[in-house]
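From first to last, the protein sequence lines stand for chains A and B. Position 209 of the first sequence, counting from 1, maps to 209 under the numbering used here, and the rest follow consecutively. Counting from 1 along the second sequence, just add 1000 to a position and that's the residue number in the numbering used here. Even for Gly, the Cβ is constructed at its ideal location relative to N, Cα and C. Since the structure comes first, as structure tokens, the remarks are kept for the end.
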Amino acid sequence: MKKNGLWLKIGILVVALIGLFVINLYLDSYKVKVINLCAIYVILGLSMNLINGFTGLFSLGHAGFMAIGAYTVAILTMPLEAKTMNYYMKPMVPFLLNLNLPFIFALLIGGLMAALFGFLIGAPVLKLTDDYLAIATLGFSEIIRIVFINLQSITNGSLGLKAIPQMTNEFIAGKLGLASRTNLLWAWGIAILTIIFMQFLMKGSYGKAFKAIREDEIAARSMGINLFKHKVMSFTIGSFLAGIGGGLLAVHLGTIDPALFKFALTFNILLIVVLGGMGNIYGTVISAIVITVAMEALRFLDGSMNFGFFTTPALPGLRMVVFSLALMVVVIFKRDGFIKETLEKVRGRYAKNQ
Amino acid sequence: MLKINNMTMRFGGVVAVNELSMEIEKGQIVGLIGPNGAGKTTVFNVVTGVYKPTDGEVLYGEKLEKISHLPPDQIAKLGICRTFQNIRLFKELSVFDNVFIGSHLRLKSGLFSSVFRIPTYTKEEKVMIEKAEYLLHKVGLYEEREEKAFSLPYGMQRRLEIARALATSPKLLLLDEPAAGMNPQETQDLMEFIHNIKDEFDLTIFLIEHHMEVVMGICENIFVLDHGNLIAQGNPQEIQSDERVIEAYLGVE
Ligand SMILES: Nc1ncnc2c1ncn2[C@@H]1O[C@H](COP(=O)(O)OP(=O)(O)O)[C@@H](O)[C@H]1O
Ligand SMILES: [Mg+2]
């Protein structure tokens, strides 16, 4: 039915990937970094959209799952020297000290760890209503941060980790002399795989069942859909992708610490999802790119500004104020906004089960 | 096929259904009538597992096994499906998807088979698609299959709900006021349609209805509820001449 459309989209993605490869050769390293960050936010936006947009769950724990992915990747890929350099306050546990895996395996394990935690958090909470999920995931994400601050011999506590190795690919690096730029291909390669994954997931019967749950839980249940099983599946996959996004972010930044994974990070992703449209794959991709680029472009808002006759003092956080306002405007003016859906769900729950 | 034993459903102080006992035989079309607030929808909600009865039990199947402790999705898998008095479609999804999702409960393939489109999944999906298309033709909504469910007019939404319920391959179909809001011609068509699907899919049908001509016209057996109590049961002639029914219900109308 829509088969050709799907393949066309995939074709566009492949062309885009090749385009990126070319861009990679000519742009300066700052621009490459921004483009790289776009890919990471595409993955993160899609993972949250799967949970919140497609399945209608209200999860606020993204930063926590990202932290798990980020730390896993950092710890598993850092060479011995980097580790001894980082862990000067309290030595690292010997088992992890000597553990060293190729990037792609470390990333996969990061995703799987996040998925495991997603499952462990989700399974008890998803039996209850969504309001509990929001509270539990928010709490979880904060607890993970505190735990990471205190697990000094594993995470290096609040000092964080520095000098996380880049995602180099010997072949590409050798051939093109682009050692520091293969990140981009990894990030976008994985972002495109994620987009394709989401396309196929939502096209199939399970994806449609997720949407049915979002639309009307009572009807979905009465049609034989096991709400709990499907919610756990969606939530676990979403957590996996959040872990992958977190792992890529760790490598992209080269430095991570627990303060990075505060609620503000979850909020950024929520912003992408809301602006892109709940349950809209391509909307999310576009809004992830737009927001990431805009966040960079609007960096000047945080600094002091010179208007010729007067100079404003530096206002760190003004950027976020602007974005929060954007979120509110979208929610108020866009009819299929997030708040509206959430409110309807809440109202529906208390309405009579006719 | 279905047996309700001494079932009571209480909501706080309100006794919605009081010690109801009734039985439905396989292949019957059975009606449940009574004034507004009599407890009819509550009976459906208990049978489909939306509510656990305060007291008593519901038995179902050839061997009449207890189902009143099961969650709704398991009851649906056993072959009981329903429509809702206040239509509950998957509003934002297409008409086609609404029916397609109806057969998801019979899917054997797992999630990753669906994402990677493994042949065992695509084979199952093909059957689901054909079934959905067949049912859409059957209820006359094939032309509207790409439209969103909420955009359909009311009567069509009711038919779409029946198609979605049929997609679950039920043995017992519960219809909650299927003719509500329909004009006499539509009501007439609906009666024929109900007979037709009953024969084609080998169904037992249990329906709540306010239109007397529907109930009297197609139901072999009728149960009458008033304030949660079963006040009469029998065939249409018996019900029409029952003193208590006339008093409580028919006379008032
Ligand atoms: N979830 C509920 N909570 C409280 N009271 C309910 C609930 N569902 C039904 N009732 C009450 O039970 C009684 C029967 O309702 P219902 O079964 O919907 O009647 P009918 O379908 O015959 O019109 C009504 O008094 C109604 O207010
Ligand atoms: Mg009712």
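With a CB to CB cut of under 7 Å and the five nearest residues on each side skipped, what residues in its chain are close to LEU315/A? Within the first sequence, numbered from 1, the residue matching residue 315/A stands at position 315. Contacts found: ASP302.
Could you work out which residue in PHE1084/B, THR1122/B and GLU1124/B is closest to ASP216/A when comparing CA atoms only? Residue mapping note: residue 216/A aligns to position 216 of the first sequence, counting from 1. For the residues PHE1084/B, THR1122/B and GLU1124/B, the minimum Cα distance to ASP216/A belongs to PHE1084/B.
Considering only heavy atoms of ligand 1, does any lie closer than 7 Å to the CB of VAL1014/B? Against the second sequence, residue 1014/B aligns to sequence position 14. Checking the Cβ of VAL1014/B against ligand 1 gives yes.
Distance, HIS1104/B Cα to THR266/A Cα: In the first sequence, residue 266/A corresponds to position 266, counting from 1. In the second sequence, residue 1104/B corresponds to position 104, counting from 1. Rounded to the nearest angstrom, the two C-alpha atoms are 33 Å apart.
Whole angstroms are fine: how far does the CA of GLY189/A sit from the CA of VAL18/A? Here residue 18/A refers to the residue found at position 18 of the first sequence. Here residue 189/A refers to the residue found at position 189 of the first sequence. The question names Val, yet the displayed sequence has Ile at residue 18/A. Approximately 10 Å, taken between the alpha carbons.
Burial state of THR84/A, where buried means 16 or more other Cβ atoms lie within 10 Å: Here residue 84/A is taken as the residue at index 84 of the first sequence, counted from 1. Flag for THR84/A reads exposed.
Please confirm whether any heavy atom of ligand 2 lies closer than 7 Å to the CB of THR1041/B. For the purposes of this step, residue 1041/B is taken as the residue at position 41 of the second sequence. Yes, since a heavy atom of ligand 2 falls inside the 7 Å radius drawn around the Cβ of THR1041/B.
With DSSP collapsed to three states, give me the class of VAL1050/B. Within the second sequence, numbered from 1, the residue matching residue 1050/B stands at position 50. DSSP places VAL1050/B in coil when its eight states are reduced to three.
Touching by the beta-carbon criterion (3+ pairs, under 8 Å), the segment 110-129 of chain A and the segment 66-73 of chain A: yes
Measuring only between beta-carbons, confirm whether ARG972/B sits less than 8 Å from chain A. Here chain B covers residues 1001 to 1253 and nothing more, so residue 972/B does not appear.
CA nearest to the CA of LEU248/A, picked from LEU298/A, LEU185/A, ASN268/A and MET233/A: Your numbering for residue 248/A matches position 248 in the first sequence. The shortest Cα separation from LEU248/A among LEU298/A, LEU185/A, ASN268/A and MET233/A belongs to LEU185/A.
Would you say PHE302/A reaches chain B, if we count a Cβ-Cβ gap shorter than 8 Å as a contact? Looking up residue 302/A in the first sequence gives position 302. In the sequence under discussion, the amino acid at residue 302/A is Asp, which differs from the Phe named in the question. Taking Cβ atoms only, chain B never reaches closer than 8 Å to ASP302/A, which makes this a no.
In angstroms with no decimal places, state the Cα-to-Cα distance between LEU20/A and PHE1112/B. On the first sequence, residue 20/A is found 20 positions in, with the first residue counted as 1. On the second sequence, residue 1112/B is found 112 positions in, with the first residue counted as 1. Distance between the alpha carbons of LEU20/A and PHE1112/B is about 29 Å.
May I ask you to check if the CB of GLN1237/B is nearer than 7 Å to at least one heavy atom of ligand 2? As a working mapping, residue 1237/B is identified with position 237 in the second sequence. Not so, every heavy atom of ligand 2 lies at least 7 Å from the Cβ.
Taking one C-beta from the segment 1079-1093 of chain B and one from the segment 1147-1167 of chain B each time, how about it: are there three or more such pairs within less than 8 Å? yes
Alpha helix (DSSP H) runs contained entirely in the segment 87-152 of chain A, provided each spans 4 or more residues: 94-97, 103-125 and 130-150
Using a Cβ-Cβ cut-off of 8 Å (strictly less than) and excluding sequence neighbours within five positions of THR1187/B, which residues of its own chain qualify? Position 187 of the second sequence, counted from the first residue, corresponds to residue 1187/B. Contacts found: ALA1179, HIS1211, GLU1213 and VAL1214.
Which residues, in order along the segment 219-233 of chain A, keep a beta-carbon less than 8 Å from a beta-carbon of chain B? ALA219, ALA220, ARG221, SER222, MET223, GLY224, ILE225, ASN226, LEU227 and MET233
Within 8 Å of any Cβ in chain B, is that where the Cβ of GLU142/A sits? In the first sequence, the residue the question calls residue 142/A occupies position 142. Chain B, which has no Cβ nearer than 8 Å to the Cβ of GLU142/A, makes this no.
Reducing DSSP to helix, strand and coil, say where LEU1007/B ends up. Taking the first residue of the second sequence as position 1, residue 1007/B is located at position 7. According to the sequence as given, residue 1007/B is Met; it is not Leu. Reduced to three states, the DSSP call for MET1007/B is strand.
The segment 1219-1229 of chain B contacting the segment 1013-1030 of chain B, beta-carbon criterion three pairs below 8 Å: yes
Check ALA1179/B in the structure and name its three-state DSSP category. The residue labelled residue 1179/B in the question sits at position 179 within the second sequence. In the structure shown, ALA1179/B sits in coil (DSSP, three-state: anything other than H, G, I, E or B).
Please report the straight-line C-alpha distance between MET983/B and HIS1069/B, rounded to a whole angstrom. This structure cannot speak to residue 983/B, because chain B is shown only from 1001 to 1253.
Same chain, Cβ closer than 7 Å to VAL290/A, five either side skipped, listed in chain order: The residue labelled residue 290/A in the question sits at position 290 within the first sequence. So the list is empty, once near-sequence residues are dropped.
Taking only the alpha-carbon atoms, compute the straight-line gap between LEU1136/B and GLY1102/B and give it to the nearest angstrom. Reading the second sequence from its first residue, position 136 is the one you call residue 1136/B. Reading the second sequence from its first residue, position 102 is the one you call residue 1102/B. So the two alpha carbons sit approximately 12 Å from each other.
Taking 8 Å as the threshold (C-beta atoms), are MET198/A and ILE281/A in contact? In the first sequence, residue 281/A corresponds to position 281, counting from 1. In the first sequence, residue 198/A corresponds to position 198, counting from 1. Yes. Within cutoff.
Ligand 4 heavy atoms versus the CB of ASN1036/B: any closer than 7 Å? Absent from the structure shown: ligand 4. Ligands present: ligand 1 and ligand 2.
Under the three-state reduction of DSSP, which class applies to SER304/A: helix, strand or coil? The residue labelled residue 304/A in the question sits at position 304 within the first sequence. Reduced to three states, the DSSP call for SER304/A is coil.
For PHE1223/B, the first and last residue of its enclosing beta strand (DSSP E): Translated into positions along the second sequence, residue 1223/B becomes position 223. Taken as a continuous stretch (DSSP letters only), the beta strand (DSSP E) holding PHE1223/B covers 1221-1226.
Kindly confirm or deny that the segment 24-43 of chain A and the segment 256-263 of chain A touch, where touching means at least three C-beta pairs closer than 8 Å. no
Nearest-angstrom Cα separation, counted from PRO1153/B out to LEU46/A: Residue 46/A sits at position 46 when you count from the first residue of the first sequence. Residue 1153/B sits at position 153 when you count from the first residue of the second sequence. Their Cα atoms are separated by approximately 34 Å.
Any chain B beta carbon closer than 8 Å to PHE235/A: Within the first sequence, residue 235/A is the residue found at index 235, counting from 1. For PHE235/A, the answer is no, since every Cβ of chain B falls outside 8 Å of its Cβ.
Per DSSP, ASP1055/B forms a beta bridge with which residues? Counting from 1 along the second sequence, the entry for residue 1055/B is found at position 55. ASP1055/B is bridged to THR1008/B.
From the DSSP output, read off the bridge partner residues of ASN1229/B. As a first step, residue 1229/B is located in the second sequence; it is residue number 229 there, counting from the start. In the DSSP output, where bridge partners are listed per residue, ASN1229/B has ASP1226/B.
Under 8 Å, Cβ to Cβ, is there at least one residue of chain A near HIS1137/B? Working through the second sequence from its first residue, we reach residue 1137/B at position 137. It does not: the Cβ of HIS1137/B has no partner Cβ on chain A nearer than 8 Å.
Between ILE1101/B and chain A, is the shortest Cβ-Cβ distance under 8 Å, so that the two count as touching? By 1-based counting over the second sequence, the position of residue 1101/B is 101. Cβ-Cβ to chain A under 8 Å: yes for ILE1101/B.
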